[in-house]
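Those letters in the sequence shown? Residues 47 to 453, by the working numbering.
Backbone N, C-alpha and C fix where the C-beta goes; we use that ideal spot for every residue, glycine too.
To start, the structure itself, in structure tokens.
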Amino acid sequence: MKKCLFLCLFLFCSSLAFCQIVFEKAYYINNQGEKTEGFIKNVDWKNNPSHFEFKASLNDDSETLGLDQAREFGFGQSLRYQRAKVLIDKTVFSVQEESSTKEPVLVEETLFLNILIEGQASLGLYVNGNLRKYFYSHDNGDFEQLIYKKYKNEKGAIATNNKFREQIWLNLRCEALEMDEVDVLSYTHRQLIHVFEKYNECQQVAYTKYTNIQKRELIHLSLRPRFTFNSLINVVQPSFSTSNEFDPTVSIGLGIEFEYILPFNNNKWSLVVEPTFRNYNQSITFETSQVSGGSVSGRLAYTSIELPFALRHYFFINPESKIFVNGGPVFDFGLNSYLQYLRPDGSEYNYNDLIGNVNLAIGSGYKYKDRYSLELRYFTSRILLGKVVSYESKYHAFSVIFGYTLF
């Protein structure tokens, strides 16, 4: 039964690679300025893309469009890329370098810039690995790099070229923007966006701020009742010179899940902790020639609080449905648990305070409307009698978990 359940979980996890639908409603503008709406594959670009996959409808085959075919593409007002021919410094500072120059080494390239602010003064971003450069445009002119560069001076000390402050002061003059503020401006996402917002507001012109992070609750609390298929196998007792297996049984448990949504990659990653009450009670009678009467009765009472920690990843199917996979370690805290063997003559072997070692759990499931969920979870074997040298015990479990998210 355990092998069958594990196979079902494995096949379900394997199918996730084919279940994820990442084409989202979007648009692109071609070289003739014509706007085409449809669906673009959102792959959570960490680096600026040079191409993208487009579908006119979800049932159509996709086509790949690049810098030669598209001057712009985006997802509504959440994310926009614009083609631009720019001069860019692609050098990356390293403390291991013996020397470097203060002035940027600019080369001409055509890129898709991630537009952060669009207005009378626009702000764009280019990222490629450790390279991170901001660009600005004024009155719909060409984009120009905001110069920021670390280098080693003639004494070998690390210095910084902060020319971007001068560029902003000379090109974004505004009553609301004072020199003292520009002099301490950092070359960071938040501060540069703030300055460009401030300038456009000062000019009393409309502007658009793009962000690829959806506004969603970052913390969720869920109630998670479950059915768990339990078994304890390979228990060896030298006095009986035999191994035995407790019959599998189904128990009921309850978990309370705390989930923190990581604020990047479209909220597809989260950290989960789930205190769970569970129990497994079972009896067994087996025959052995090593005791008078020829049989031994065993009883297992295993109650504990499990504390699983997991990293979870979501695969969005549509705005209301998503599939997830998760995995991580499980800590186990026993509650008055014991293993008892009783011989026909009334003598007992008692092993109290069963302590489970740390094991692993992997699971996959489905969530609907961010409210209802169903998960299949497989646990690796757990040693219950770690302190008893004469025993080798392996506890196995597989859970079917139902979830209701309170918030």
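Is it true that the CB of residue j sits closer than 9 Å to the CB of residue i?
i: residue 239; j: residue 273; result: no
i: residue 447; j: residue 427; result: no
i: residue 90; j: residue 382; result: no
i: residue 72; j: residue 121; result: yes
i: residue 410; j: residue 364; result: no
i: residue 370; j: residue 303; result: no
i: residue 150; j: residue 195; result: yes
i: residue 455; j: residue 154; result: This structure gives no information on residue 455, because the portion of the chain shown stretches from 47 to 453.
i: residue 223; j: residue 158; result: no
i: residue 218; j: residue 182; result: yes
i: residue 375; j: residue 400; result: no
Starting from the C-beta of residue i, find all residues in its chain whose C-beta is less than 7 Å away, skip the five residues before and the five after it, and write them out in chain order.
i: residue 98; result: 86, 87, 111, 119
i: residue 235; result: none
i: residue 228; result: 211, 214, 215
i: residue 136; result: 153, 177
i: residue 96; result: 112, 113, 158
Which residue from the options puts its Cα closest to that of residue i?
i: residue 43; options: 316, 380, 321; result: What is shown of the chain runs 47 to 453, which leaves residue 43 out entirely.
i: residue 188; options: 270, 134, 200; result: 134
i: residue 322; options: 372, 269, 294, 330; result: 269
i: residue 152; options: 385, 115, 192; result: 192
i: residue 355; options: 329, 306, 114, 390; result: 306
i: residue 164; options: 255, 375, 83, 380; result: 255
i: residue 75; options: 95, 396, 115; result: 115
i: residue 318; options: 330, 359, 398; result: 359
i: residue 107; options: 84, 94, 96; result: 84
i: residue 402; options: 377, 226, 391, 386; result: 377
i: residue 440; options: 137, 348, 251, 126; result: 348
i: residue 161; options: 94, 353, 374; result: 94
i: residue 148; options: 100, 184, 207; result: 207
i: residue 386; options: 330, 353, 142; result: 330
Can you tell me whether residue i is buried or exposed? The criterion is at least 16 other CB atoms within 10 Å of its CB, across all chains shown.
i: residue 211; result: buried
i: residue 442; result: buried
i: residue 201; result: exposed
i: residue 203; result: exposed
i: residue 265; result: exposed
i: residue 368; result: buried
i: residue 173; result: exposed
i: residue 450; result: exposed
i: residue 175; result: exposed
i: residue 390; result: exposed
i: residue 167; result: buried
Between which two residues does the alpha helix (DSSP H) carrying residue i extend?
i: residue 227; result: 225 to 229
i: residue 136; result: From DSSP, residue 136 is part of no alpha helix (DSSP H); its letter is neither H nor E.
i: residue 91; result: Here residue 91 belongs to no alpha helix (DSSP H), and DSSP marks it neither H nor E.
i: residue 219; result: No alpha helix (DSSP H) contains residue 219, which DSSP labels as neither H nor E.
i: residue 389; result: It is not in any alpha helix (DSSP H) - residue 389 carries neither H nor E in the DSSP assignment.
i: residue 236; result: 235 to 248
Enumerate in chain order the residues of its own chain whose CB-to-CB distance from residue i is below 6 Å, with the five nearest sequence positions on each side excluded.
i: residue 415; result: 366
i: residue 452; result: 267
i: residue 388; result: 343, 394
i: residue 301; result: 270, 320, 322
How far does the beta strand (DSSP E) with residue i in it reach, from first residue to last?
i: residue 195; result: 195 to 198
i: residue 446; result: 440 to 451
i: residue 378; result: 367 to 380
i: residue 426; result: 418 to 428
i: residue 349; result: 341 to 364
Leaving out the 5 sequence neighbours to the left and right, which residues in its chain are closer than 8 Å to residue i when beta-carbon positions are compared?
i: residue 328; result: 276, 278, 292, 293, 295, 345, 346
i: residue 117; result: 75, 76, 77, 79, 128, 129
i: residue 220; result: 244, 245, 248, 249
Please tell me whether residue i has its Cβ less than 9 Å away from any Cβ of chain D.
i: residue 317; result: Judged by its chain identifiers, the structure shown contains no chain D, having just a single protein chain.
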